[in-house]
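Protein chains in written order, with the numbering used here: chain A, 1148 to 1506; chain B, 57 to 255.
Beta carbons: idealized from backbone N, C-alpha and C, even for Gly.
Small disclaimer: the values here were computed from a predicted structure and weren't measured.
Taking it in order: structure first as C-alpha cells, then the write-up.
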Ligand SMILES: [Zn+2]
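Structure follows, in C-alpha cells:
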C-alpha cells in the first residue's frame, strides 16, 4: 500500500496541512522537537486505521479551540486507489468515509490498509506487562487474517459475559447457575482455542523473520527463542472447570488467551529483564519490522511502515544496519536529522509549524 | 439550547426509547410539533390503545389482544411441535416462511449476564410446564445467530435433555451476528426444514 496524499484539518497542532508523497520511497519528516512531525505520522496512521498509536482518547487529537478534525488520505492498496476521510467530532460521533461512502465497521481496516508503526514506547512490548505482547501478536495476526478481528471481539464479549455471570452468582451457585456457567464456558473455550491456534501460527510465521532481522540489525549471532506461554494446559474447557472455584471467588476469569504471554529469550536469557537495554530496543523494532515482512509475504501487499523518532534510539552502527534491512515498500521516518549515507531520500522539513517540501 | 419545559419533557421522553439519541429525539419532537393536530392525535391514540389492549399470551407469551393469541387459539395447528424463539418479532419472521405449522414459545429475551439476564428472567419455567404433558414430541430452538442466542440454545438443549423429547436446532447458514428477522424467508424456511437434532 502507498499513501499518496495526506491532508489534515485541525488535527493536533496542524490547522491545515496538505502533503503529497512519493510511493515506494523512504521519506524523512524532519523538524526540531515539538514541531509536529510525529503528528504527521499519527495523521497517516489515523487516516488508515481510524485510531491513534499514541492516545486511546479522541479529544486530544482535535486542535485546541476547534470542534472537529478532518484527516484525509489517498491510498493505493490492492490495486485500488481510495480516499479515506475520517472526522473526529468533539460533540458528536466520528465518521469514516471510504470513497465518499460511510463505513461503520472498522475491524477490516487493518487488513485492507496494512500499516505498521514503530515508536520509542514500543520498548514496552519487550519490557512491560504481557498485555503489550498480546496486543503485538493480535495486531500482527489481524493484519494477515481478516476474520481474526471479529474472533477476538467475540472472545472479549464472551469473557465479559462470563465475568458478569461470576459476579452475579457469588460463592454458592445453584444448579441452574452451574448450567448457565457450563454453557458460557463452552462458548468461551471454543473462541479461546481458535484465538490461541491463530496466535501460535502467527508467532511461528513471524519467528524466521524476527531471527533474520535481529541478526542483520544487531550484527551478532545470538539465538532467539519465541515461546507462546499459555496460562492453561490441556484444553481451555478443562482448565476452566478446574479453576472454576477460584474464578467464582475472584469473580473473574483467571485463564485464557487474555492471560497468555509470549516469552522471548536471547541466548537463553529472558529479554524482559535479563538482557541489555540496547538489545531490548533492537528486539522491539525487529518485532515490528518482522510483522511488516509477514504481511507482505502472506497477503502480497506491502504495508506502509512508520518509524517515529527511531534514529535517536540507536547508535549509528545499528541505525545504518537498520536502514539497510528495512522491508520494501513505503516508509516514513520522523526525526531531527538524516543519518549518514541516506541523503538521497525524500525530505519533508518542518519549521515553526510550517512545511517545506524538498528532496 | 433551552426549550420550553413541555417541549423539553417530550424530548427527554423520546431520548429514553431504544436506539433514539438526543439528536433524533429533537428531530422527532419538532416533526410532531409541526404536524397536523389530527395526525398527532392519531399517533398518541395508537400508542395508548396498543398499550391498553395488548398483553402476553398466557400460553406462549407472544403479544396478544386476548388471553390466548390467535396462533394458540388455532386448534388446526400441530400440537406435537413447539418452536422456541426470543422475541415476538421472531414469530412474525417464522410465520412468514409458511414452513411451520406448530405452536410457539416466546422467551422474551436471551441469556446475557452483561444485561443482568439469567434463565430466571426468561419464560423458561413456563416452557417446562408446557412440556410436562404428553402431546409435545419436538422442541425446535430458533435463537438468533449470535453469541447470546447460542448460549440460550445450548442452555435449553441441556435442560430439555432429560425430558425424552426430540430437541432440534435451525440448520446453520443464517447470517452470523444478526437477528432471525433479518434473514430472508427462503433462507429461514430452509434452515427450519434442515433442522438437526442437538441431543
Ligand atoms: Zn400464544
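- request: Please name the residues in the segment 1464–1481 of chain A whose beta-carbon is closer than 7 Å to at least one beta-carbon of chain B, in chain order.
  value: Residues: none.
message: So with CB distances below 9 Å, who are the chain B contacts of residue 1308 of chain A?
response: Here residue 1308 of chain A refers to the residue found at position 161 of the first chain. Ordered by position in chain B, the residues that pass the 9 Å Cβ test against residue 1308 of chain A are 167, 168, 169, 170, 203, 204, 207.
message: ligand 1 and residue 115 of chain B: does any heavy atom of the ligand fall closer than 6 Å to the residue's C-beta?
response: Position 59 of the second chain holds residue 115 of chain B. Relative to ligand 1, the beta carbon of residue 115 of chain B is positioned inside 6 Å of a heavy atom.
- prompt: Among the residues of its own chain, which have a CB less than 8 Å from the CB of residue 193 of chain B, if the five just before and after it don't count?
  reply: Here residue 193 of chain B refers to the residue found at position 137 of the second chain. Once the five neighbours on either side are set aside, the close Cβ partners of residue 193 of chain B are 136, 137, 221, 222.
query: Taking the continuous beta strand (DSSP E) assigned at residue 1479 of chain A, which residues delimit it?
result: On the first chain, residue 1479 of chain A is found 332 positions in, with the first residue counted as 1. It spans 1478–1482 - the beta strand (DSSP E) in which residue 1479 of chain A sits, taken as one unbroken run.
message: So, at 6 Å on beta carbons, what are the nonlocal neighbours of residue 1219 of chain A in its own chain, with the 5 sequence-adjacent residues on each side left out?
response: Counting from 1 along the first chain, the entry for residue 1219 of chain A is found at position 72. When the five nearest sequence neighbours on each side are left out, the beta carbons in the same chain lying within less than 6 Å of the beta carbon of residue 1219 of chain A are those of 1154, 1232, in order along the chain.
- prompt: Do we get a CB-CB distance below 7 Å when we pair residue 1334 of chain A with the residues of chain B?
  reply: Against the first chain, residue 1334 of chain A aligns to sequence position 187. Interface annotation, residue 1334 of chain A: in contact with chain B, CB-CB separation under 7 Å.
message: Less than 6 Å separating the Cβ of residue 198 of chain B from some heavy atom of ligand 1?
response: Looking up residue 198 of chain B in the second chain gives position 142. For ligand 1, not one heavy atom lies less than 6 Å from the Cβ of residue 198 of chain B.
message: Once DSSP output is grouped into helix, strand and coil, what is the label at residue 1435 of chain A?
response: Along the first chain, one-based indexing puts residue 1435 of chain A at 288. DSSP places residue 1435 of chain A in helix when its eight states are reduced to three.
task: Find the residues of chain B that neighbour residue 1507 of chain A, judging by a C-beta separation of less than 9 Å, and give them in chain order.
output: The structure shown does not extend to residue 1507 of chain A, since chain A spans only 1148 to 1506, so no value can be given for it.
query: Less than 6 Å between the CB of residue 128 of chain B and some heavy atom of ligand 1, yes or no?
result: As a first step, residue 128 of chain B must be located in the second chain, where it is residue number 72. Yes.
message: Closer than 6 Å to a non-hydrogen atom of ligand 1 - does that hold for the CB of residue 125 of chain B?
response: The residue you call residue 125 of chain B lines up with position 69 of the second chain. Yes, Cβ of residue 125 of chain B sits closer than 6 Å to a heavy atom of ligand 1.
query: In terms of DSSP beta bridges, what is residue 84 of chain B paired with?
result: Walking along the second chain from the start, residue 84 of chain B turns up at place 28. Residue 84 of chain B pairs with nothing; no bridge assigned.
field: Distance between beta carbons of residue 201 of chain B and residue 230 of chain B, contact taken as under 8 Å
entry: Against the second chain, residue 230 of chain B aligns to sequence position 174. Against the second chain, residue 201 of chain B aligns to sequence position 145. Sure, about 4 Å apart at Cβ, within 8 Å.
query: CB-CB under 6 Å to residue 1187 of chain A, same chain, minus the five flanking residues each way: which ones, in chain order?
result: One-based indexing of the first chain puts residue 1187 of chain A at position 40. Closer than 6 Å at Cβ, skipping near neighbours: 1176.
message: Could you check whether residue 1431 of chain A and residue 1272 of chain A sit closer than 7 Å to each other, using their CB atoms as the reference points?
response: If you number the first chain from 1, residue 1272 of chain A lands on position 125. If you number the first chain from 1, residue 1431 of chain A lands on position 284. Yes; because the gap between Cβ atoms is below 7 Å, this pair is in contact.
- prompt: Are the C-beta of residue 1379 of chain A and some C-beta of chain B separated by less than 7 Å?
  reply: The count along the first chain starts at 1 and reaches residue 1379 of chain A at position 232. Answer no: the Cβ-Cβ gap between residue 1379 of chain A and chain B never drops below 7 Å.
field: Boundaries (first-last residue) of the beta strand (DSSP E) holding residue 250 of chain B
entry: By one-based count along the second chain, residue 250 of chain B stands at place 194. Element bounds for residue 250 of chain B: n/a, residue is neither H nor E.
query: Relative to the alpha-carbon of residue 106 of chain B, which residue among B:116, B:246, B:121 has its alpha-carbon at the smallest distance?
result: Locating residue 106 of chain B in the second chain gives position 50, counting from the first residue. Residue B:121 is the option with its Cα nearest to residue 106 of chain B.
task: Using a cut-off of 7 Å between C-beta atoms, extract the partners of residue 1301 of chain A located in chain B.
output: Here residue 1301 of chain A refers to the residue found at position 154 when the first chain is read from its first residue. Those are 203, listed as they occur along chain B.
- prompt: Any chance the segment 1414–1424 of chain A sits against the segment 1209–1228 of chain A, with 3 or more Cβ pairs inside 8 Å?
  reply: With the cut-off at 8 Å, the segment 1414–1424 of chain A and the segment 1209–1228 of chain A do not touch.
task: Buried or exposed for residue 1179 of chain A, please, with buried defined as at least 16 other CB atoms from any protein chain shown within 10 angstroms of its CB.
output: Here residue 1179 of chain A corresponds to residue number 32 of the first chain, with the count starting at 1. Around the C-beta of residue 1179 of chain A, fewer than 16 other C-beta atoms lie within 10 Å, and the residue is accordingly described as exposed.
- prompt: From residue 1223 of chain A to residue 253 of chain B, what distance separates their C-alpha atoms?
  reply: Residue 1223 of chain A sits at position 76 when you count from the first residue of the first chain. Residue 253 of chain B sits at position 197 when you count from the first residue of the second chain. The straight-line gap from Cα to Cα measures roughly 49 Å.
query: Does the beta-carbon distance from residue 1338 of chain A to residue 1301 of chain A come in below 7 Å?
result: Taking the first chain and counting its residues from 1, the one referred to as residue 1338 of chain A is at position 191. Taking the first chain and counting its residues from 1, the one referred to as residue 1301 of chain A is at position 154. Cβ atoms of residue 1338 of chain A and residue 1301 of chain A: closer than 7 Å.
- request: Taking residue 174 of chain B and residue 1327 of chain A to be in contact with their CB atoms under 8 Å, please state how far apart those CB atoms are, rounded to whole angstroms.
  value: Counting from one through the second chain, the residue named residue 174 of chain B turns up at place 118. Counting from one through the first chain, the residue named residue 1327 of chain A turns up at place 180. Indeed they touch by this definition, with Cβ atoms about 6 Å apart.
6 Å Cβ shell around residue 1404 of chain A - same chain, five flanking residues per side excluded: Residue numbering aside, residue 1404 of chain A sits at position 257 when the first chain is read from its first letter. Answer for residue 1404 of chain A: 1339, 1342, 1343, listed in chain order.
Members of the segment 1249–1261 of chain A near chain B, C-beta cut-off 7 Å: Within the segment 1249–1261 of chain A, no residue qualifies.
query: What are the residues of the segment 1389–1400 of chain A that lie near chain C, defined by any Cβ-Cβ distance shorter than 9 Å?
result: No chain C appears in this structure, whose protein chains are A and B.
query: If you compare alpha carbons, which of A:1444, A:1336, A:1395 is closest to residue 1379 of chain A?
result: For the purposes of this step, residue 1379 of chain A is taken as residue 232 along the first chain, with counting starting at 1. Among A:1444, A:1336, A:1395, the Cα nearest to that of residue 1379 of chain A belongs to A:1336.
query: Sorted by chain position, which residues of the same chain lie with C-beta nearer than 8 Å to residue 1399 of chain A's C-beta, five sequence neighbours on each side aside?
result: For the purposes of this step, residue 1399 of chain A is taken as the residue at position 252 of the first chain. Same-chain partners within the cutoff: 1310, 1313.
field: Contacts of residue 175 of chain B in chain A (Cβ-Cβ under 7 Å)
entry: Counted from its first residue, the second chain places residue 175 of chain B at position 119. Those are 1323, 1327, listed as they occur along chain A.
task: Report the rounded CA-to-CA distance for residue 1297 of chain A versus residue 100 of chain B, giving the unit in angstroms.
output: As a position in the first chain, residue 1297 of chain A is number 150, starting the count at 1. As a position in the second chain, residue 100 of chain B is number 44, starting the count at 1. Approximately 42 Å between the Cα atoms of the pair.
field: residue 1485 of chain A versus residue 1332 of chain A - alpha carbon distance
entry: As a first step, residue 1485 of chain A must be located in the first chain, where it is residue number 338. As a first step, residue 1332 of chain A must be located in the first chain, where it is residue number 185. Rounded to whole angstroms, residue 1485 of chain A to residue 1332 of chain A spans 54 Å at the Cα level.
task: Please check the pair residue 1445 of chain A and residue 1352 of chain A, which I expect to be a contact at CB under 8 Å, by giving their CB distance rounded to whole angstroms.
output: As a working note, residue 1445 of chain A is residue 298 in the first chain. As a working note, residue 1352 of chain A is residue 205 in the first chain. Right, the Cβ-Cβ distance comes to about 7 Å (below 8 Å), so this counts as a contact.
task: State yes or no: is the C-beta of residue 118 of chain B nearer than 6 Å to some heavy atom of ligand 1?
output: As a position in the second chain, residue 118 of chain B is number 62, starting the count at 1. Correct: residue 118 of chain B has its Cβ closer than 6 Å to ligand 1.
- prompt: Apart from the five residues on each side of it in sequence, which residues of its chain come closer than 7 Å, Cβ to Cβ, to residue 1292 of chain A?
  reply: As a working mapping, residue 1292 of chain A is identified with position 145 in the first chain. Cβ neighbours of residue 1292 of chain A beyond the five flanking positions: 1345.
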